[in-house]
Amino acid sequence: MAAWAGQVSSCDAQLYRRTQHQSPVTELPLGHEQPFQLSPCFSEKLRIGPQLEPSCSQATPAARGSRASLARVMGCCKCCTPKVQAIVGLSSAPLNFAILIWAIAEKVRWTPFYVPLECDPATPDGVRLSLLSMPSPYAESMGLTPGSPPHGIYTNMTVTTACFNPGQAKTTILAAGFEAVELAPNLTDLENGGFGVPYTESARAHLAGDAVYPIGGRGEMVTVAQTAMTMENILGSMTPDAIARGYSLGYARVTQTVQTCAAIFGLVSCTDVPSEQFCGSYAGNCMVPVLDSSGDPVVPEQLEPALCAYTGKLCGEEAEVHAQLSPEAMGIQVVNQTACDAALGLPNGTLCNVIEAPGVDPATMRPRVVEPAITLTTEALARMNEGLAVAESAINTMIWLTIALNALLFVVMLASGLFNLRKHLRAKATAQAEARGAPPTLATNALDNKP
Numbered sequence: 001m002a003a004w005a006g007q008v009s010s011c012d013a014q015l016y017r018r019t020q021h022q023s024p025v026t027e028l029p030l031g032h033e034q035p036f037q038l039s040p041c042f043s044e045k046l047r048i049g050p051q052l053e054p055s056c057s058q059a060t061p062a063a064r065g066s067r068a069s070l071a072r073v074m075g076c077c078k079c080c081t082p083k084v085q086a087i088v089g090l091s092s093a094p095l096n097f098a099i100l101i102w103a104i105a106e107k108v109r110w111t112p113f114y115v116p117l118e119c120d121p122a123t124p125d126g127v128r129l130s131l132l133s134m135p136s137p138y139a140e141s142m143g144l145t146p147g148s149p150p151h152g153i154y155t156n157m158t159v160t161t162a163c164f165n166p167g168q169a170k171t172t173i174l175a176a177g178f179e180a181v182e183l184a185p186n187l188t189d190l191e192n193g194g195f196g197v198p199y200t201e202s203a204r205a206h207l208a209g210d211a212v213y214p215i216g217g218r219g220e221m222v223t224v225a226q227t228a229m230t231m232e233n234i235l236g237s238m239t240p241d242a243i244a245r246g247y248s249l250g251y252a253r254v255t256q257t258v259q260t261c262a263a264i265f266g267l268v269s270c271t272d273v274p275s276e277q278f279c280g281s282y283a284g285n286c287m288v289p290v291l292d293s294s295g296d297p298v299v300p301e302q303l304e305p306a307l308c309a310y311t312g313k314l315c316g317e318e319a320e321v322h323a324q325l326s327p328e329a330m331g332i333q334v335v336n337q338t339a340c341d342a343a344l345g346l347p348n349g350t351l352c353n354v355i356e357a358p359g360v361d362p363a364t365m366r367p368r369v370v371e372p373a374i375t376l377t378t379e380a381l382a383r384m385n386e387g388l389a390v391a392e393s394a395i396n397t398m399i400w401l402t403i404a405l406n407a408l409l410f411v412v413m414l415a416s417g418l419f420n421l422r423k424h425l426r427a428k429a430t431a432q433a434e435a436r437g438a439p440p441t442l443a444t445n446a447l448d449n450k451p
């Protein structure tokens, strides 16, 4: 206070001189007392303090600019008040909680991550030998009427496969670029212990349109197959050695592009994955119903010989299929052996296999559904699982980060909101209590009371 008293500004000095010239005995008439009036400069000094505010006469433009800047800063700090922080915290916490629940729901929706398509089994059928055009004497030996060239089986077939998609990604098999080619092995190479190369094309298939399988919905794949089995290919599957074994080998090469569209937190992402697979399978003789001109089975039912799929397809890289494809691995079992018919021209004592295969009923020789229709080689399965693991890891990382971040923000925002709300209510109560109290006043001029 001593330091403050010594820092009397020029305005305060004027006040001091005015009071010194007042008569000490002069008094105001009764009823005309006036309260003590402080100079504006002194009042400002009492409010702010000598260290913060220069005198009125000494106030510079820089000082006045500092006061304006301070006012602006204080105005900006209004957003830091407990009331504002309470509003922000209590408003953000429900939003973070809603996002947290949404993320948990997304995690549940994506568990399990991958669910394969559930396809309706196609009606088992085969390639009827009645479609075969054979020259004499082959036709007569099989009970057929000799046909005209080109000899073989040349026909078109449309196959519709319906599937249900239980997964969380829309799947589309694009018609553009889809191609499935049936390949007949080279018999000479097979007899020499090879894999039947070079192959001969026996059929080709394409899609009539994109096969679309929506999430939780059904879709259809319409395949149009053009069969062109030459006489040599047919006779190759009917050689005495093939008849003795009880089955014949066939290959296929499938090229396709699968488009997968998935949504995570409402964001849709689509990926096109082209692929090429080499497949191998086994086929053999069977009996199928005779069809009328409209394609319906004749009544009463009659049966005719045909070539049917005995197993599903093993698919992967070509070398992998050659290494892993075997009758035993595909479910073919030799249940008995009998002496071969002499008409086959095989050496005396040659035994012919009596087999059981997944694709044919051994009692009736009627075709039946093969499950699964496609299996993957060990390496192809590992590649598929690796790709699925990468995709699953990316989605799980996004979901878990969202869960962790919003759980943390929910706790922080809720705690901050409640803390600042309590702080604001306390400050408000204190201000109301002070407002109800009597403010201090100066009733008389202390300098006028001096003797």
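Heads up: the sequence shown runs through residues 1 to 451, numbered per my numbering. Yeah, the Cβ is synthetic: ideal placement off N, Cα and C, and Gly gets one too.
Checklist entry - In angstroms, rounded to a whole number, what distance separates the CA positions of Asn406 and Asp272? => result Answer to the nearest angstrom: the Cα atoms are 32 Å apart.
Next on the checklist: For Ala252 and Asn186, I'd like the C-alpha separation in whole angstroms.
Outcome noted: Rounded to whole angstroms, Ala252 to Asn186 spans 14 Å at the Cα level.
Checklist entry - Cβ of Thr377 within 8 Å of Cβ of Gly295? => result By the CB criterion at 8 Å, Thr377 and Gly295 fall outside the cutoff.
Checklist entry - Do the region 84–95 and the region 416–428 meet, that is, are 3 or more Cβ pairs less than 8 Å apart? => result Three or more Cβ pairs drawn from the region 84–95 and the region 416–428 lie within less than 8 Å of each other, which places the two stretches in contact.
Next on the checklist: If distances are taken between C-alpha atoms only, which option among Ala105, Val115, Tyr310 and Thr171 comes closest to Glu356?
Outcome noted: Looking from the CA of Glu356, the closest CA among Ala105, Val115, Tyr310 and Thr171 belongs to Tyr310.
Checklist entry - Given Ile215, which residues of its chain have a CB within under 8 Å of its CB, disregarding the five upstream and five downstream residues? => result Asn165, Gly167, Gln168, Ala169 and Lys170, listed in sequence order.
Checklist entry - Among the residues of its own chain, which have a CB less than 8 Å from the CB of Gly437, if the five just before and after it don't count? => result Nothing listed; no residue qualifies.
Item to check | 3-residue-minimum beta strand (DSSP E) runs that sit fully inside the region 293–380, ordered along the chain | outcome: Runs of the beta strand (DSSP E) lying entirely within the region 293–380, each at least 3 residues long, are 303–309, 313–316, 333–339, 351–356 and 374–376 in chain order.
Item to check | Three or more C-beta pairs below 8 Å linking the region 275–289 and the region 120–129 | outcome: Contact holds: three or more Cβ-Cβ distances are below 8 Å.
Checklist entry - When burial is assigned at 16 or more other CB atoms within 10 Å of the CB, is Thr402 buried or exposed? => result By the C-beta density criterion, Thr402 is buried, having at least 16 other C-beta atoms within 10 angstroms.
Checklist entry - Under the three-state reduction of DSSP, which class applies to Gly196: helix, strand or coil? => result Coil, per DSSP.
Item to check | Integer-rounded CB distance, given that Ser202 should sit under 8 Å from Asn233 | outcome: So it is a contact: roughly 5 Å between Cβ atoms.
Checklist entry - Rounded C-beta distance between Gly359 and Pro372? I'm assuming under 8 Å. => result Gly359 to Pro372, Cβ: 12 Å. No contact.
Item to check | Own chain residues within Cβ distance below 8 Å of Ile399, not counting five before or after | outcome: Counting only residues of its own chain and dropping the five nearest sequence neighbours on each side, Ile399 has a CB closer than 8 Å to the CB of Ala103, Glu106, Lys107, Trp110 and Ile264.
Next on the checklist: I'd like the list of long-range same chain contacts for Arg218, defined as Cβ closer than 8 Å, with 5 residues on each side in sequence excluded.
Outcome noted: Beyond the five residues adjoining it in sequence on each side, Arg218 comes within less than 8 Å, by CB distance, of Ala162, Cys163, Phe164 and Asn165 in the same chain, given in chain order.
Checklist entry - Assuming Leu131 and Thr155 make a contact with CB atoms under 8 Å, what is their CB distance in whole Å? => result Indeed, because the Cβ distance is near 5 Å, the residues count as touching under 8 Å.
Next on the checklist: With a threshold of 6 Å on Cβ separation, who are the neighbours of Leu52 within its own chain once the five nearest residues in sequence on each side are excluded?
Outcome noted: Because the pLDDT at Leu52 is just 42, under 50, the model does not fix this residue reliably, and the point stays unresolved.
Checklist entry - What's the gap between the Cα of Val224 and the Cα of Ala176? => result Each residue's alpha carbon lies about 14 Å from the other.
Next on the checklist: Considering only their Cβ atoms, is the gap separating Asn396 from Arg245 smaller than 8 Å?
Outcome noted: Using a Cβ distance threshold of 8 Å, Arg245 and Asn396 do not count as a contacting pair.
Item to check | Distance CB(Cys122)-CB(Val159) smaller than 8 Å | outcome: In the sequence as displayed, the identity of residue 122 is Ala instead of Cys. A contact, by the Cβ cut-off of 8 Å.
Next on the checklist: Quick check on DSSP: helix, strand or coil for Tyr138?
Outcome noted: In the three-state reduction of the DSSP assignment, Tyr138 falls in the helix class.
Checklist entry - Which value, in whole angstroms, describes the spacing of the CA atoms of Leu174 and Leu267? => result The straight-line gap from Cα to Cα measures roughly 22 Å.
Checklist entry - What are the boundary residues of the beta strand (DSSP E) that Pro240 is part of? => result Taken as a continuous stretch (DSSP letters only), Pro240 belongs to no beta strand (DSSP E), being part of the alpha helix (DSSP H) at Pro240 to Arg245.
Item to check | Nearest to Leu303 (by Cα), restricted to the options Ser326, Thr364 and Met330 | outcome: Nearest of Ser326, Thr364 and Met330 to Leu303, Cα basis: Thr364.
Checklist entry - Secondary structure at Gly219, three-state DSSP: helix, strand or coil? => result Note: Gly219 maps to strand in three-state DSSP.
Next on the checklist: Pop quiz: Val298 and Val290 are said to be a contact at Cβ under 8 Å. What is the actual Cβ separation, rounded to whole angstroms?
Outcome noted: Confirmed, Cβ separation roughly 5 Å.
Checklist entry - Which residue's Cα is closest to the Cα of Gly193: Met142, Cys279, His322 and Cys119? => result The closest CA to that of Gly193, considering only Met142, Cys279, His322 and Cys119, is found on His322.
Checklist entry - By how many angstroms is the C-alpha of Gly196 removed from the C-alpha of Leu190? => result Spanning the two alpha carbons is a distance of roughly 5 Å.
Next on the checklist: If contacts are defined as beta-carbon pairs under 8 Å, then Ile332 and Tyr247 qualify, I think. What distance do you get, rounded to the angstrom?
Outcome noted: About 6 Å separates the two Cβ atoms, so the contact holds.
Checklist entry - Can you list, in chain order, the residues of its chain whose CB lies under 7 Å from that of Thr430, leaving out five sequence neighbours each side? => result Taking C-beta separations shorter than 7 Å and ignoring five residues to either side along the sequence, Thr430 has no partners in its chain.
Next on the checklist: In whole angstroms, give me the CA-to-CA distance for Ala211 and Val254.
Outcome noted: Per the coordinates, the alpha-carbon of Ala211 lies some 15 Å from the alpha-carbon of Val254.
Next on the checklist: Using DSSP's beta-bridge definition, name the partner residues of Ala283.
Outcome noted: The secondary-structure analysis by DSSP pairs Ala283 across a beta bridge with Ser248 and Ala309.
Next on the checklist: Measuring only the C-alpha atoms, how far is Gly31 from Lys428?
Outcome noted: With a pLDDT of only 43 at Gly31, under the threshold of 50, the placement of this residue in the model should not be trusted; the figure read from the coordinates follows. Annotation: Gly31 to Lys428 spans about 42 Å, alpha carbon to alpha carbon.
Item to check | Per DSSP, cross-strand counterpart(s) of Ser275 | outcome: DSSP lists Gln256 as partners of Ser275.
Item to check | Distance CB(Pro274)-CB(Thr257) smaller than 8 Å | outcome: Their beta carbons are under 8 Å apart, which means Pro274 touches Thr257 by this criterion.
Checklist entry - Expressed to the nearest angstrom, what Euclidean distance is found between the alpha-carbon atoms of Ala205 and Glu179? => result Computed Cα separation, rounded: 6 Å.
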